[in-house]
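**Q**
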Amino acid sequence: MEFPHIGNNCSYKSCNKLDFLPMKCGACKDVFCSDHFAYSKHECPEPNTRDVQVPVCPLCGAIVPGRRGEPPDVAVGAHIDNQCTSDPARERRKKVFTNRCSFKGCKTKEMVPLVCGECALNFCLRHRHTADHLCEGKLAVKRRQAADAAMSRLKAAEIRTPWNNTNITSPVSTFADVQGTMSEDEALAHALALSLADSPEGRRGEGRGAQPPRPLVRQRVGGEQSSRCSVS
Numbered sequence: 003m004e005f006p007h008i009g010n011n012c013s014y015k016s017c018n019k020l021d022f023l024p025m026k027c028g029a030c031k032d033v034f035c036s037d038h039f040a041y042s043k044h045e046c047p048e049p050n051t052r053d054v055q056v057p058v059c060p061l062c063g064a065i066v067p068g069r070r071g072e073p074p075d076v077a078v079g080a081h082i083d084n085q086c087t088s089d090p091a092r093e094r095r096k097k098v099f100t101n102r103c104s105f106k107g108c109k110t111k112e113m114v115p116l117v118c119g120e121c122a123l124n125f126c127l128r129h130r131h132t133a134d135h136l137c138e139g140k141l142a143v144k145r146r147q148a149a150d151a152a153m154s155r156l157k158a159a160e161i162r163t164p165w166n167n168t169n170i171t172s173p174v175s176t177f178a179d180v181q182g183t184m185s186e187d188e189a190l191a192h193a194l195a196l197s198l199a200d201s202p203e204g205r206r207g208e209g210r211g212a213q214p215p216r217p218l219v220r221q222r223v224g225g226e227q228s229s230r231c232s233v234s
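Here this note's numbering is used: the first residue of the sequence shown is 3, the next is one more, and so on.
(1) When you compare each of Ile8, Pro67, Ala149 to Gln55 by their alpha carbons, which one comes out closest?
(2) Beta-carbon within less than 6 Å of Leu20's beta-carbon, same chain only, minus the 5 sequence neighbours each way: which residues are those?
(3) The alpha helix (DSSP H) that contains Val114, what's its start and end?
(4) In or out: Val78 buried (at least 16 other Cβ within 10 Å) or exposed?
(5) Quick one: Cα of Leu156 to Cα of Leu61, how far?
(6) Can you tell me which of the three DSSP states Lys19 falls into?
(7) Output the distance between the C-alpha atoms of Ser16 and Pro73, rounded to the nearest integer angstrom.
(8) Spell out a yes or no on whether the segment 83-93 and the segment 120-128 are touching, meaning 3 or more CB-CB pairs, one atom from each, closer than 8 Å.
(9) Once the 5 residues before and after Glu160 are set aside, which same chain residues still bring their CB inside 7 Å of it?
(10) Give a yes or no on whether the C-beta atoms belonging to Glu48 and Cys35 are separated by under 8 Å.
(11) Just verifying my parser: in three-state terms, what is the DSSP assignment at Arg102?
(12) Can you say whether His129 is buried or exposed, counting buried as having 16 or more other CB atoms within 10 angstroms of its CB?
(13) Flag this pair as yes or no: are the beta carbons of Thr100 and Lys109 separated by less than 8 Å?
(14) Classify Phe125: buried if its beta carbon has 16 or more other beta carbons within 10 angstroms, exposed otherwise.
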């Protein structure tokens with residue numbers, strides 16, 4: 003059963019289909035069915051006379067360029083996922099796209115992790131195969147673990163024994179401070195005296211109140227002058 007008074011026939015010469023929801027071409031002003039509405043489908047003689055419209059991002063208000071014939075939703079969706087500068091889009095990318103590719107120079111992020119079974123690194127869909135990301139195998143994993151362990155040990159050692167350059171003195175300056183204006187012989191005698199004072203015997207003698215050693219005195223022994231001798 004047909005309703006000729008409802009809808010219009012397609013203006014394409016080989017179609018003439020009765021369409022209840024016909025669409026009018028904006029360039030040639032003819033009516034076409036859903037199958038021949040596009041410029042290329044009905045061979046429109048004036049396809050480029052109208053202005054080209056591009057969608058606008060609803061979040062940041064930026065103009066989103068797209069390919070000719072591509073649905074605007076696809077271009078806007080790709081813009082929100084990758085380039086949109088609005089706060090909601092940034093938060094969405096942080097929460098969803100957190101698996102960044104480990105291949106050098108690649109900044110692609112995926113929604114799901116793609117970990118290589120050989121090197122244990124995460125990659126994108128393009129570099130997920132071992133040949134695509136130049137996989138170094140389990141040797142790279144061991145080398146990376148050894149490097150991380152060495153760095154952690156170095157940091158722990160620096161925390162336990164911090165270097166303080168202010169406490170480090172030069173041996174030359176220390177010797178000059180001790181010697182002062184004394185000669186080498188006087189400085190040597192002074193050092194020997196300090197060493198004897200710091201020795202255990204010297205400390206025990208000081209504790210008992212011992213008297214300092216008496217100077218040696220030369221004594222004469224009686225007898226004839228020829229047999230006399232001096233004892234010291």
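Note that the Cβ used here is the ideal one computed from N, Cα and C, for glycine as well.
**A** Taking the structure as given:
(1) Indexing the sequence shown from 1 puts residue 55 at position 53. Nearest of Ile8, Pro67, Ala149 to Gln55, Cα basis: Pro67.
(2) On the sequence shown, position 18 is the one that residue 20 refers to. Around Leu20: Gly9, Asn11.
(3) The sequence position of residue 114 within the sequence shown is 112, counting from 1. Val114 -> no alpha helix (DSSP H), and no H or E assigned at all.
(4) Reading the sequence shown from its first residue, position 76 is the one you call residue 78. Buried, because 16 or more other Cβ atoms sit within 10 Å of the Cβ of Val78.
(5) In the sequence shown, the residue the question calls residue 156 occupies position 154. In the sequence shown, the residue the question calls residue 61 occupies position 59. Each residue's Cα considered, the two are about 48 Å apart.
(6) Along the sequence shown, one-based indexing puts residue 19 at 17. Three-state result, Lys19: coil.
(7) If you number the sequence shown from 1, residue 16 lands on position 14. If you number the sequence shown from 1, residue 73 lands on position 71. Those two C-alpha atoms are separated by around 27 Å.
(8) no
(9) As a working mapping, residue 160 is identified with position 158 in the sequence shown. The answer is none, since no qualifying residue turns up.
(10) Taking the first residue of the sequence shown as position 1, residue 48 is located at position 46. Taking the first residue of the sequence shown as position 1, residue 35 is located at position 33. The answer is no: Cβ separation not under 8 Å.
(11) Residue numbering aside, residue 102 sits at position 100 when the sequence shown is read from its first letter. Correct three-state label for Arg102: strand.
(12) As a first step, residue 129 must be located in the sequence shown, where it is residue number 127. Buried: at least 16 other Cβ atoms inside 10 Å.
(13) For the purposes of this step, residue 100 is identified with residue 98 of the sequence shown, where counting begins at 1. For the purposes of this step, residue 109 is identified with residue 107 of the sequence shown, where counting begins at 1. Cβ distance not < 8 Å, so Thr100 and Lys109 don't count as in contact.
(14) Residue 125 sits at position 123 when you count from the first residue of the sequence shown. Phe125 should be labelled buried.
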